[in-house]
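Notes follow the structure.
Chains as they are written, first to last, in this note's numbering: chain H, 122 to 472; chain F, 152 to 757.
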């Protein structure tokens with residue numbers, strides 16, 4: 122068994138959300154990943170974010186491909202439907218799910234192998250389609266389940282646990298998504314829950330494709346000195362440029378902010394993001410400048426974090442298609458079938 | 152001068168040899184439609200290259216008062232418009248036939264035959280004299296030969312005019328030029344040749360209640376009527392027109408009249424791996440979804456097809472088969488995906504297949520495919536082919552039963568889930584091997600994990616041998632249930648008792664029916680079982696058992712249908728004889744006739 126049920130104990134004093142549910146209602150099975158795995162922290166952050174957003178768990182669909190990261194949907198939102206797709210193909214499942222059921226909240230969890238190697242094509246096209254979903258890449262630079270081969274996100278000069286040195290340039294999900302027209306591009310570190318939780322909330326509420334690339338160290342195969350994806354390296358080279366606070370629609374903005382320092386972004390459901398620049402030289406309004414900044418810092422061995430680019434209001438899959446507002450899986454058959462008279466008329470066109 | 156041809160009124164083959172991209176397709180279908188509207192059974196087969204412009208292309212129109220719509224193998228009237236293929240085209244004309252060519256340029260003296268009639272018409276010269284623009288001149292050459300044929304074959308000019316007006320209804324400015332070109336050809340023929348030829352059309356009343364339609368359009372219409380809302384695809388010849396037609400029908404029939412919102416969603420995927428993934432994402436959510444493809448696309452879809460089989464998700468795949476292996480010949484027809492479709496993906500997988508034989512069945516079986524996929528919670532592959540999919544066939548009017556309601560299968564709704572103490576995805580509660588499924592977003596109790604990894608009957612991950620086997624053995628039980636649900640074969644019995652039978656699928660049908668009639672005239676009786684689905688039903692097994700010898704007729708080199716019969720049914724392989732046609736052109740009846748006759752002669756000699 123790689124999924125172990127957690128005994129559910131609810132303490133009296135446990136905080137309840139707007140639905141009257143506790144955080145325990147958003148948990149999943151016990152993790153079977155290695156102790157200390159970064160992915161487990163991401164799992165915890167997802168649980169907290171969805172709990173705080175007060176989304177009924179069964180209105181969320183969690184999807185993944187294949188790999189360590191793709192196992193994690195079993196460890197959160199136990200009352201949500203899950204889909205563990207074939208390797209690298211989760212974006213197409215998400216596309217179909219969104220096409221059929223536009224009211225469902227879609228959360229995809231993938232890894233660097235799943236998204237940047239075998240599934241690069243599907244990942245790119247999900248960004249291009251501006252599919253309405255949160256897409257998390259738990260990025261550790263290695264293949265864990267097959268015992269430590271480099272992935273496509275491994276940096277040049279990184280040494281594998283067995284000694285091999287990587288000479289190929291990494292594929293950076295963040296730069297890629299920005300170049301492909303991504304409307305919400307963020308990066309974080311599994312060890313920074315303060316940054317991670319608001320980004321997950323914002324990504325769920327963003328209408329369109331929200332990429333969240335999370336550096337999530339692999340304690341077994343890639344947490345050593347010659348790795349650029351280790352906990353130690355991440356803590357040292359972590360370079361936050363924009364902090365995002367998430368404010369739900371019902372709440373008033375209480376933090377005082379000065380114009381120019383904090384930029385509010387309104388999301389389609391009325392909730393807001395308060396973006397605070399941490400680095401003066403970062404320009405989060407300009408896609409090209411954002412890519413340049415991330416690339417320049419990548420060359421220096423730093424990884425830039427935060428909500429790096431966001432643009433609300435771009436048309437998603439359904440806006441482009443002009444789909445009915447009713448989820449297609451709920452449209453009555455009578456509305457779908459043109460009937461016998463229409464068929465007789467159609468016959469006439471073929472004589 | 153050619154020897155006198157015997158009268159071939161309403162019984163001949165007209166073949167038109169053209170250059171691809173010169174606009175001949177609309178002229179040729181105009182001719183075919185005119186014959187159809189004159190009440191004479193007709194079919195048109197397009198042999199086109201994998202090319203946009205410049206390569207040779209042929210269109211073969213069979214006119215048959217008896218309603219035989221397969222290729223006959225003969226060519227009675229050839230219109231040779233392509234200098235590059237002229238020699239070959241001339242050679243193909245049956246003795247006593249007629250060849251029409253463009254006499255604007257001198258014809259090599261050697262390229263002639265004494266046993267056919269040769270008619271030269273200066274089509275290019277006439278068009279150059281009457282039309283100014285270069286492109287118009289090229290296009291109008293086609294309409295000029297339509298005019299000539301109208302006179303030579305005695306086609307009703309009023310029908311031609313009516314069709315021209317319909318064809319250019321949205322571009323009325325083009326009507327005059329087209330009419331003028333038709334006049335040119337018609338006048339020239341009337342003035343210079345004895346019209347009509349012995350080979351000609353005479354109006355009858357054998358096409359009322361029928362339509363001329365291609366199978367891809369029909370399949371798309373079936374998807375609309377079945378209530379499919381999501382179509383995902385990657386363009387590939389010869390399946391592309393399925394989605395083109397679906398979109399066109401939906402634009403007309405599926406838009407909200409008030410809001411203009413679409414009650415459907417078509418996603419052009421990045422490849423076929425994604426196309427089938429999109430279908431599965433949609434059916435997981437309870438929508439009816441489909442993808443049209445052809446051989447190479449089917450190869451790419453294998454992994455997800457195995458996933459859908461094991462995770463038990465519905466999917467409808469239209470495989471419009473073309474010539475393989477590999478890229479093969481994309482614009483030629485074959486039935487060579489039978490085994491690949493039946494066993495698509497690694498591991499123990501078997502898929503439900505449907506075999507339509509004409510556009511009428513493409514419509515019907517497309518609706519059936521969605522019902523079966525939902526009922527059985529598994530992919531259903533509709534194996535059509537290029538011949539059915541892209542050629543216009545004469546079919547009975549499509550009918551719709553207003554009482555039809557989709558069979559969505561065993562899907563639990565919110566109130567049922569509310570009253571259940573617990574829900575488990577893969578438990579066989581009814582003993583038919585089909586478990587109950589739930590849809591995301593409906594009820595918290597319905598939540599489960601769809602996975603292609605080993606799972607137990609409760610839907611949990613497992614690596615336990617007993618738990619795994621329980622699931623895959625139950626899938627076998629579901630396979631048995633499928634045998635009771637799939638469409639039965641169509642069996643045609645000979646007038647007299649027959650010890651030999653023919654078994655076939657799909658587009659071989661018209662050739663086989665014609666062959667059976669012609670063999671019967673020689674006193675050779677054979678029965679015929681046209682299989683319409685895999686898994687094979689008991690009726691197929693019984694048909695085999697009733698015959699000493701079975702001819703398995705199919706359009707591939709490796710006798711794939713025969714292999715599948717041998718694998719699945721209890722009948723001696725040595726009693727099955729293959730009749731194979733796999734060059735890429737639609738089957739003609741002579742291959743069946745010749746094989747059965749040879750077997751008869753061999754038996755008589757023994």
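The C-beta atom is built at its ideal place from N, Cα and C for all residues, glycine as well.
Contacts around residue i, its chain only, beta-carbon distance under 6 Å, and the 5 residues preceding and following it disregarded
i, result
"residue 393/F", "367, 370, 371, 443 and 469"
"residue 671/F", "none"
"residue 540/F", "366, 367, 389 and 471"
"residue 236/H", "244 and 258"
"residue 658/F", "536, 538 and 539"
"residue 200/H", "178 and 179"
"residue 174/F", "290 and 293"
"residue 123/H", "The pLDDT assigned to residue 123/H is 48, lower than 50, so where the model puts this residue is not dependable, and the model offers no usable value."
"residue 385/H", "393 and 395"
"residue 269/F", "250"
"residue 397/H", "364 and 383"
Proximity of residue i and residue j at Cβ, strictly below 8 Å
i, j, result
"residue 290/F", "residue 346/F", "no"
"residue 703/F", "residue 732/F", "no"
"residue 309/F", "residue 333/F", "no"
"residue 375/F", "residue 401/F", "yes"
"residue 530/F", "residue 459/F", "yes"
"residue 261/H", "residue 159/H", "yes"
"residue 511/F", "residue 357/F", "no"
"residue 558/F", "residue 522/F", "yes"
"residue 237/F", "residue 167/F", "no"
"residue 413/F", "residue 160/F", "no"
Range covered by the beta strand (DSSP E) that runs through residue i
i, result
"residue 701/F", "700-705"
"residue 259/H", "254-260"
"residue 766/F", "Not covered by the structure: residue 766/F. The range shown for chain F is 152 to 757."
"residue 387/H", "383-387"
Listed by chain order, chain F residues near residue i by CB distance under 7 Å
i, result
"residue 456/H", "414"
"residue 452/H", "380 and 414"
"residue 461/H", "551 and 553"
"residue 204/H", "435 and 601"
Residue i: first and last residue of the uninterrupted alpha helix (DSSP H) it sits in
i, result
"residue 189/H", "189-192"
"residue 672/F", "660-672"
"residue 713/F", "711-719"
Proximal chain H residues relative to residue i, where beta-carbon distance stays under 8 Å
i, result
"residue 504/F", "Under the 8 Å cutoff, chain H gives no residues; its nearest Cβ is about 22 Å from residue 504/F."
"residue 539/F", "None at all; the shortest Cβ gap to chain H is about 15 Å."
Cross-chain neighbours of residue i in chain H, by beta carbon under 9 Å
i, result
"residue 363/F", "471 and 472"
"residue 424/F", "207, 209, 210, 213, 242 and 243"
7 Å Cβ cut-off: residues of chain H touching residue i
i, result
"residue 467/F", "In chain order: nothing, as chain H lies at least about 13 Å away."
"residue 454/F", "207"
"residue 418/F", "216 and 220"
Contacting residues, own chain, Cβ-Cβ under 8 Å from residue i (five flanking each side not counted)
i, result
"residue 588/F", "463, 528, 560, 561, 562, 563 and 576"
"residue 478/F", "447"
"residue 335/H", "159, 163, 257, 258, 259, 260, 308, 309, 310, 311 and 317"
"residue 735/F", "474, 480, 483, 484 and 485"
"residue 305/H", "323, 324, 327, 329, 330, 331, 332, 428, 430, 431 and 432"
"residue 336/F", "272, 274, 277, 294, 295, 296, 297, 298, 299, 300, 301 and 302"
Neighbouring residues, chain F, relative to residue i (Cβ below 8 Å)
i, result
"residue 440/H", "In chain order: nothing, as chain F lies at least about 11 Å away."
"residue 143/H", "Those do not exist, as residue 143/H stays about 14 Å from chain F at its closest Cβ, beyond 8 Å."
7 Å Cβ shell around residue i - same chain, five flanking residues per side excluded
i, result
"residue 257/F", "none"
"residue 154/F", "Reliability fails at residue 154/F, whose pLDDT of 41 lies under 50, so the model's placement of it is uncertain and no value is given."
"residue 390/H", "326 and 370"
"residue 499/F", "623"
Amino acids of chain F, ordered along the chain, whose beta-carbon sits closer than 9 Å to that of residue i
i, result
"residue 389/H", "Ordered by position in chain F, no residue passes the 9 Å Cβ test against residue 389/H, which lies about 18 Å from the chain."
"residue 251/H", "In chain order: nothing, as chain F lies at least about 13 Å away."
Chain B contact for residue i (CB, 8 Å cutoff)
i, result
"residue 326/H", "Protein chains in the displayed structure are H and F, and chain B is not among them."
What ranges does the beta strand (DSSP E) occupy inside the segment 410-453 of chain H, keeping only unbroken runs of at least 3 residues that lie completely in it? Residue ranges of uninterrupted beta strand (DSSP E) with 3 or more members, entirely inside the segment 410-453 of chain H and ordered along the chain, are 424-431.
So within the segment 247-325 of chain F, which uninterrupted alpha helix (DSSP H) runs reach at least 4 residues, ignoring any that extend past its ends? Given a length threshold of 4 residues, each whole run of the alpha helix (DSSP H) inside the segment 247-325 of chain F is given here in chain order: 274-281, 285-303 and 308-318.
Which runs of the beta strand (DSSP E) at least 3 residues long sit entirely within the segment 563-614 of chain F? Give them in chain order. DSSP runs (the beta strand (DSSP E)) wholly in the segment 563-614 of chain F: 600-602.
Which runs of the alpha helix (DSSP H) fall wholly inside the segment 505-572 of chain F and span at least 4 residues, in chain order? Uninterrupted alpha helix (DSSP H) stretches at least 4 residues long and entirely within the segment 505-572 of chain F occur at 510-527, 537-541 and 565-570, given in chain order.
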